[in-house]
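One structure is given here, and the rest of the page talks about it.
In the numbering used here, the protein residues as written are 2 to 50.
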C-alpha cells in the first residue's frame, strides 16, 4: 500500500471512530507526513554515509 493510500485509510478510520473535526484530521495528516519524511530521510541517509 502506498503511503498516501495508507494515510487516507488511517484518517478515514480515525474519523469514523472518533468523529474528528477538520483541525484534528489536519493535525494527524501533518504527523503522518512528518513521520514519512523521517523515514525517507533515514533511508536516504545511508547513501551518504
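Beta carbons: idealized from backbone N, C-alpha and C, even for Gly.
Residue from the options whose Cα sits closest to the Cα of residue i
i, options, result
"residue 6", "33, 44, 23, 22", "33"
Beta-carbon gap between residue i and residue j smaller than 8 Å
i, j, result
"residue 12", "residue 26", "yes"
"residue 1", "residue 8", "Shown here, the chain extends from 2 to 50; a query on residue 1 therefore has no answer."
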